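Asker: These protein sequence lines are chains A and B, in that order.
Counted from 1, the first sequence has number 158 at position 159 by numbering that gives the first Met the number 0; the numbering is strictly sequential.
Counted from 1, the second sequence has number 334 at position 335 by numbering that gives the first Met the number 0; the numbering is strictly sequential.
We put the beta carbon where it would ideally sit given N, CA and C, even for glycine.
Keep in mind that this is a model prediction, so the values were computed, not measured.
Protein chains: 2
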Amino acid sequence: MKRIAILGSTGSIGRSTLSVVESFPDRFQVVSLAAGRNVDLAFEQAKRWHPRVLSVALESQAENLKHRLKSAGITGIEVVHGASGTVTVATHPESDFVVSAIVGVAGLEATYEAVKAGKTVGLANKECLVAAGELITAEARRQGKPLLPIDSEHNAVHQCLRGGQMDEVRRIWLTASGGPFLNTPVSKFVDITVAQALNHPTWKMGNRITIDSATLMNKGFEVIEACRLFNLPPEQISVIVHPQSTIHSLVEFVDGSILAQLSVTDMRLPILYALTYPDRIPSELNFSLSDLRHLDFSPPDMEKFPCLQLAFEAAKTGGGKTVALNAADEIAVSAFLEGSIRFQEIPLLIQEVVSETPVGKLESIKEVLMLDRSVRTIAAEKVASLSGRSPVSVGARKN
Amino acid sequence: MKRIAILGSTGSIGRSTLSVVESFPDRFQVVSLAAGRNVDLAFEQAKRWHPRVLSVALESQAENLKHRLKSAGITGIEVVHGASGTVTVATHPESDFVVSAIVGVAGLEATYEAVKAGKTVGLANKECLVAAGELITAEARRQGKPLLPIDSEHNAVHQCLRGGQMDEVRRIWLTASGGPFLNTPVSKFVDITVAQALNHPTWKMGNRITIDSATLMNKGFEVIEACRLFNLPPEQISVIVHPQSTIHSLVEFVDGSILAQLSVTDMRLPILYALTYPDRIPSELNFSLSDLRHLDFSPPDMEKFPCLQLAFEAAKTGGGKTVALNAADEIAVSAFLEGSIRFQEIPLLIQEVVSETPVGKLESIKEVLMLDRSVRTIAAEKVASLSGRSPVSVGARKN
Chain A
0 MKRIAILGST
10 GSIGRSTLSV
20 VESFPDRFQV
30 VSLAAGRNVD
40 LAFEQAKRWH
50 PRVLSVALES
60 QAENLKHRLK
70 SAGITGIEVV
80 HGASGTVTVA
90 THPESDFVVS
100 AIVGVAGLEA
110 TYEAVKAGKT
120 VGLANKECLV
130 AAGELITAEA
140 RRQGKPLLPI
150 DSEHNAVHQC
160 LRGGQMDEVR
170 RIWLTASGGP
180 FLNTPVSKFV
190 DITVAQALNH
200 PTWKMGNRIT
210 IDSATLMNKG
220 FEVIEACRLF
230 NLPPEQISVI
240 VHPQSTIHSL
250 VEFVDGSILA
260 QLSVTDMRLP
270 ILYALTYPDR
280 IPSELNFSLS
290 DLRHLDFSPP
300 DMEKFPCLQL
310 AFEAAKTGGG
320 KTVALNAADE
330 IAVSAFLEGS
340 IRFQEIPLLI
350 QEVVSETPVG
360 KLESIKEVLM
370 LDRSVRTIAA
380 EKVASLSGRS
390 PVSVGARKN
Chain B
0 MKRIAILGST
10 GSIGRSTLSV
20 VESFPDRFQV
30 VSLAAGRNVD
40 LAFEQAKRWH
50 PRVLSVALES
60 QAENLKHRLK
70 SAGITGIEVV
80 HGASGTVTVA
90 THPESDFVVS
100 AIVGVAGLEA
110 TYEAVKAGKT
120 VGLANKECLV
130 AAGELITAEA
140 RRQGKPLLPI
150 DSEHNAVHQC
160 LRGGQMDEVR
170 RIWLTASGGP
180 FLNTPVSKFV
190 DITVAQALNH
200 PTWKMGNRIT
210 IDSATLMNKG
220 FEVIEACRLF
230 NLPPEQISVI
240 VHPQSTIHSL
250 VEFVDGSILA
260 QLSVTDMRLP
270 ILYALTYPDR
280 IPSELNFSLS
290 DLRHLDFSPP
300 DMEKFPCLQL
310 AFEAAKTGGG
320 KTVALNAADE
330 IAVSAFLEGS
340 IRFQEIPLLI
350 QEVVSETPVG
360 KLESIKEVLM
370 LDRSVRTIAA
380 EKVASLSGRS
390 PVSVGARKN
């Protein structure tokens, strides 16, 4: 019986994780949940899963939830809130496995504390590796515990890497769907609307990640994540466009053999893999190879999608540059979604902010969070001057 | 330093193996070679590699070779001949690794003796698994030594299997190029010429295997080999047509993940893999993923290619049926190449012979070879009656 904590239980990955737990009640047990601002769903999850601890964003929400649980006759659930509540969920002594799926830097501290507490962590939070990859992977090595990737690409890489040793890897190839503008000529980019950018061809995801997929910044973040997770320089990571998203990524070994992982585009699969690793258990998430007809590939166009190039550059430098890349991107994407800047201005804004951020070497999560906040302020000021309006909200989203 | 014996050194796989050895002189050393009837090439190989033992087909050839070596001032090479000579090469006490690459049942006994002598064997000889798979895999298990597949499909499967445990495998998918008649309507099969059948789209190989690829019997043999090598029933093996032969095979795990292996179509790659397993060493056999554009897939047409269906049926029954399948196919293909029967008569002839062969359970290599010989006689008689001519040569090819 694996005892699980979920950071971000009301989000997309959190709900998929609970769906996996539901399918295997004899294997997994929910110990603690960190929900967000969706108190109604948090209440439903408490009713269904009876965690020892449940955390919500605000103190007022926690009070509200306590009353509702009491009225419903549900007892034995400790309700906590805020950043410290999330850490309580992440480090609960009864959990073996922590699913880190809070979106944004809000997940950073709790994930780091989970790693530090010796938990095996399944990582779906991008910022943990993009902004604080060196710190978190170093701590995991110290603890001798694996960081298991819960996203389709790195999970695929993790599977393919089983075909050899790390020093036998020549190159990791991350596949990219190419997003909705793969075949849009760059001359038409000026006309791109928010609705078009939100229309991803293969995956249904949150708004920010969908825009990041349209700019290929999401793939850029994945390049940085791959560097940190697998301890490889960006020169050993490549991106290949594969519109069907059937092959989730590939590993090329020094002898010339390449292993690839294929599956349905369903996040429950990497979640199940991480939860059961090193074992595999039967699921109904079947990909029908008999129905497979064509797979297409092409190299990415770095000039058309400069965000990808920016990410490779930030990965080479590391330190503050990847923190800035992530923070500036979040502000730029918000500004695009709000109509304050155009699609093509996203990479321009990010490039400016990143180039102005010192490389630095970040020694703690606190330093990462401080730099993140100051980069957001700078980025928001640039948005304001670009759009001629007052700065957009600069705070990191609270969970 | 790995010390290598090669059974079939003058054939295609044997020469590729020597090419691999040549590329890594500090890793591999040639201990013994079993050549065939090509004494000129055997002489060149002796000059270049100075094996301890060299075997040729006939006594007269051995005498000839001894004189030539003496004249050239080359000493210290024991020259042997015939089936016992091949066994001497296969079991030489100084070798660690035996490459089994003699075509036909001639390679059976020596390969079995190599396994029995505790050697690690790299298998390129099809008959070892098709005709005597139960015996050879049982002996390898007794010895606790791996049988490493040296053909692109099973080698790919071997690599993909590293991504999980054997009891986590749902299905093995062998890819098939589909051969030259993939898109030929079955109504045109009556007109197929030998030249057309010898024109394989992706691999350059010997005549028999090329015809076997055109009928898909080669894929059928590979289904049987996969059953024996990986200890799975034929119900867990599938074939998928993939004309580019870029993905060499795939393994589907119970959780729904599928791993695939891709590489150049160069036999040196599986040879290198087998020789260095469990390590991988850098080679120049690179597949350029950046240049990859399309991969196509389709299910095989069992009605158009009945040989594949015959192989699945023989795999289910086992015993004498797979011996008969192989022997009847060799006679049928020879008859087709000689113009005695038509392309479409190949499966008809095989089906008749296999259905008349008792299942039996074969307890020794000798029993396999006896059954093989009697099946050939029956098959040759059927060819004669079909073509109205005298029976074609029925003996198993000597090395």
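I need the DSSP call for residue 78(A), collapsed to helix, strand or coil.
Answerer: As a working mapping, residue 78(A) is identified with position 79 in the first sequence. If DSSP states are grouped into helix, strand and coil, residue 78(A) belongs with the strands.
Asker: Straight-line CA distance for residue 52(A) to residue 203(A)?
Answerer: Here residue 52(A) is taken as the residue at index 53 of the first sequence, counted from 1. Here residue 203(A) is taken as the residue at index 204 of the first sequence, counted from 1. Whole-angstrom Cα-Cα distance: 30 Å.
Asker: In terms of DSSP beta bridges, what is residue 108(A) paired with?
Answerer: For the purposes of this step, residue 108(A) is identified with residue 109 of the first sequence, where counting begins at 1. Answer by DSSP bridge pairing: none, since residue 108(A) is not bridged.
Asker: Can you find a CB in chain A that lies within less than 7 Å of the CB of residue 260(B)?
Answerer: Within the second sequence, numbered from 1, the residue matching residue 260(B) stands at position 261. Output row for residue 260(B): interface = yes.
Asker: Taking only the alpha-carbon atoms, compute the straight-line gap between residue 38(B) and residue 59(B) and give it to the nearest angstrom.
Answerer: One-based indexing of the second sequence puts residue 38(B) at position 39. One-based indexing of the second sequence puts residue 59(B) at position 60. For residue 38(B) and residue 59(B), the distance between alpha carbons rounds to 10 Å.
Asker: What are the boundary residues of the beta strand (DSSP E) that residue 403(B) is part of?
Answerer: With chain B covering 0 to 398 only, the question about residue 403(B) has no answer from this structure.
Asker: Looking only at its own chain, which residues have a Cβ that is under 7 Å from the Cβ of residue 87(B), when we skip the five neighbours before and after it?
Answerer: Counting from 1 along the second sequence, the entry for residue 87(B) is found at position 88. Within the same chain, residue 87(B) has close Cβ partners 52, 54 and 79.
Asker: Determine the direct distance from the alpha carbon of residue 93(B) to that of residue 175(B), and round the result to whole angstroms.
Answerer: As a first step, residue 175(B) is located in the second sequence; it is residue number 176 there, counting from the start. As a first step, residue 93(B) is located in the second sequence; it is residue number 94 there, counting from the start. About 38 Å.
Asker: Return the chain-ordered ranges of every alpha helix (DSSP H) run that is complete within the stretch 180-230 of chain B and spans a minimum of 4 residues.
Answerer: DSSP runs (the alpha helix (DSSP H)) wholly in the stretch 180-230 of chain B: 193-196, 206-214 and 216-229.
Asker: Taking only runs that begin and end inside the stretch 314-367 of chain B, name each unbroken alpha helix (DSSP H) of 4 or more residues, in chain order.
Answerer: 319-336 and 344-355, all fully within the stretch 314-367 of chain B.
Asker: Excluding sequence positions up to five away, which residues of its chain have a Cβ less than 6 Å from the Cβ of residue 112(A)?
Answerer: Here the question's residue 112(A) lines up with position 113 in the first sequence. Closer than 6 Å at Cβ, skipping near neighbours: 86, 89 and 90.
Asker: Can you give the Cα-Cα distance for residue 70(B) and residue 32(B), rounded to whole angstroms?
Answerer: The count along the second sequence starts at 1 and reaches residue 70(B) at position 71. The count along the second sequence starts at 1 and reaches residue 32(B) at position 33. Rounded to the nearest angstrom, the two C-alpha atoms are 20 Å apart.
Asker: Could you tell me which chain A residues have their CB closer than 9 Å to the CB of residue 263(B), listed as they occur along the chain?
Answerer: Working through the second sequence from its first residue, we reach residue 263(B) at position 264. By Cβ distance, chain A contributes 255.
Asker: For residue 386(B), which residues from the same chain have a beta carbon less than 8 Å from its beta carbon, with the 5 sequence-adjacent residues on both sides left out?
Answerer: Translated into the one-based positions of the second sequence, residue 386(B) becomes position 387. For residue 386(B), where only same-chain residues beyond five positions count, the Cβ hits under 8 Å are 334, 339 and 340.
Asker: Rounded to whole angstroms, what is the Cα-Cα separation between residue 147(A) and residue 228(A)?
Answerer: On the first sequence, position 148 is the one that residue 147(A) refers to. On the first sequence, position 229 is the one that residue 228(A) refers to. Approximately 9 Å, taken between the alpha carbons.
Asker: Taking Cβ-Cβ distances below 7 Å as the criterion, which residues of the stretch 162-178 of chain B are in contact with chain A?
Answerer: The residues in question are 162, 163, 167 and 172.
Asker: With burial defined as no fewer than 16 other Cβ atoms inside 10 Å of the residue's Cβ, what is the status of residue 400(A): buried or exposed?
Answerer: Residue coverage of chain A in this structure runs from 0 to 398, which leaves residue 400(A) outside it and unanswerable.
Asker: Can you have a look at residue 281(A) and say buried or exposed, based on whether 16 or more other CB atoms are within 10 angstroms of its CB?
Answerer: Sequence index remark: in the first sequence, residue 281(A) carries index 282 (1-based). Result: exposed.
Asker: What residues in the stretch 289-320 of chain A have a beta carbon less than 8 Å from any beta carbon of chain C?
Answerer: No chain C is part of this structure, whose protein chains are labelled A and B.
Asker: Using a Cβ-Cβ cut-off of 6 Å (strictly less than) and excluding sequence neighbours within five positions of residue 260(A), which residues of its own chain qualify?
Answerer: Your numbering for residue 260(A) matches position 261 in the first sequence. Answer for residue 260(A): 155, 158, 159 and 247, listed in chain order.
Asker: With a cut-off of 8 Å, do at least 3 Cβ pairs link the stretch 349-366 of chain B to the stretch 130-146 of chain B?
Answerer: Short answer: they touch.
Asker: Taking only three categories from DSSP, how would you classify residue 94(A)?
Answerer: On the first sequence, residue 94(A) is found 95 positions in, with the first residue counted as 1. Reduced to three states, the DSSP call for residue 94(A) is coil.
Asker: Does residue 255(B) come out as helix, strand or coil in the three-state DSSP assignment?
Answerer: Here residue 255(B) is taken as the residue at index 256 of the second sequence, counted from 1. Of the three classes helix, strand and coil, the one that applies to residue 255(B) here is coil, per DSSP.
Asker: How many Å lie between residue 43(B) and residue 2(B) at the Cα?
Answerer: The count along the second sequence starts at 1 and reaches residue 43(B) at position 44. The count along the second sequence starts at 1 and reaches residue 2(B) at position 3. The straight-line gap from Cα to Cα measures roughly 20 Å.
Asker: Going by DSSP in three states, residue 239(A) sits in which element: helix, strand or coil?
Answerer: Counted from its first residue, the first sequence places residue 239(A) at position 240. Reduced to three states, the DSSP call for residue 239(A) is strand.
Asker: Is any beta-carbon of chain B found at less than 7 Å from that of residue 284(A)?
Answerer: If you number the first sequence from 1, residue 284(A) lands on position 285. Yes, contact with chain B.
Asker: Let me check understanding here. Comparing Cα to Cα, which of 163(B), 336(B), 191(B) and 195(B) lies closest to residue 277(A)?
Answerer: Taking the first sequence and counting its residues from 1, one reaches residue 277(A) at position 278. Selected option, being the one with the closest Cα: 163(B).
Asker: Any idea which residues DSSP pairs residue 113(B) with across the strands?
Answerer: Along the second sequence, read from residue 1 onward, the residue named residue 113(B) stands at position 114. DSSP output for residue 113(B) lists no bridge partner at all.
Asker: Let's test the definition: count the other Cβ atoms within 10 Å of the Cβ of residue 192(B) and tell me whether it reaches 16, buried, or not, exposed.
Answerer: Position 193 of the second sequence holds residue 192(B). Its Cβ having fewer than 16 others within 10 Å, residue 192(B) is exposed.
Asker: Taking CB distances under 7 Å as the criterion, tell me whether residue 149(A) reaches chain B.
Answerer: Along the first sequence, read from residue 1 onward, the residue named residue 149(A) stands at position 150. No, because no Cβ of chain B sits closer than 7 Å to the Cβ of residue 149(A).
Asker: What is the residue span of the alpha helix (DSSP H) that residue 177(B) lies within?
Answerer: Position 178 of the second sequence, counted from the start, is the residue given in the question as residue 177(B). It is not in any alpha helix (DSSP H) - residue 177(B) carries neither H nor E in the DSSP assignment.
Asker: Would you please state the rounded distance, in angstroms, between the beta carbons of residue 348(A) and residue 379(A)? I believe it to be under 8 Å.
Answerer: Reading the first sequence from its first residue, position 349 is the one you call residue 348(A). Reading the first sequence from its first residue, position 380 is the one you call residue 379(A). 10 Å between Cβ atoms; not a contact.
Asker: Who are the neighbours of residue 279(A) on chain B, taking C-beta pairs under 8 Å?
Answerer: Stepping through the first sequence from its first residue, residue 279(A) is reached at position 280. Simply 163, 164, 167, 252, 253, 254 and 256.
Asker: Per DSSP, residue 171(B) forms a beta bridge with which residues?
Answerer: For the purposes of this step, residue 171(B) is identified with residue 172 of the second sequence, where counting begins at 1. For residue 171(B), which the question treats as bridged, DSSP gives the partners 236(B) and 250(B).
Asker: Using a Cβ cut-off of 9 Å, pull out every chain B residue sitting near residue 272(A), in sequence order please.
Answerer: In the first sequence, counting from the first residue as 1, residue 272(A) sits at position 273. Under the 9 Å cutoff, chain B gives 254 and 256.
Asker: Taking the C-alpha atoms as reference points, what is the distance between residue 393(A) and residue 382(A)?
Answerer: Along the first sequence, read from residue 1 onward, the residue named residue 393(A) stands at position 394. Along the first sequence, read from residue 1 onward, the residue named residue 382(A) stands at position 383. Unreliable placement is indicated for residue 393(A), whose pLDDT of 42 sits below 50; the coordinate value is still reported in the next sentence. Computed Cα separation, rounded: 11 Å.
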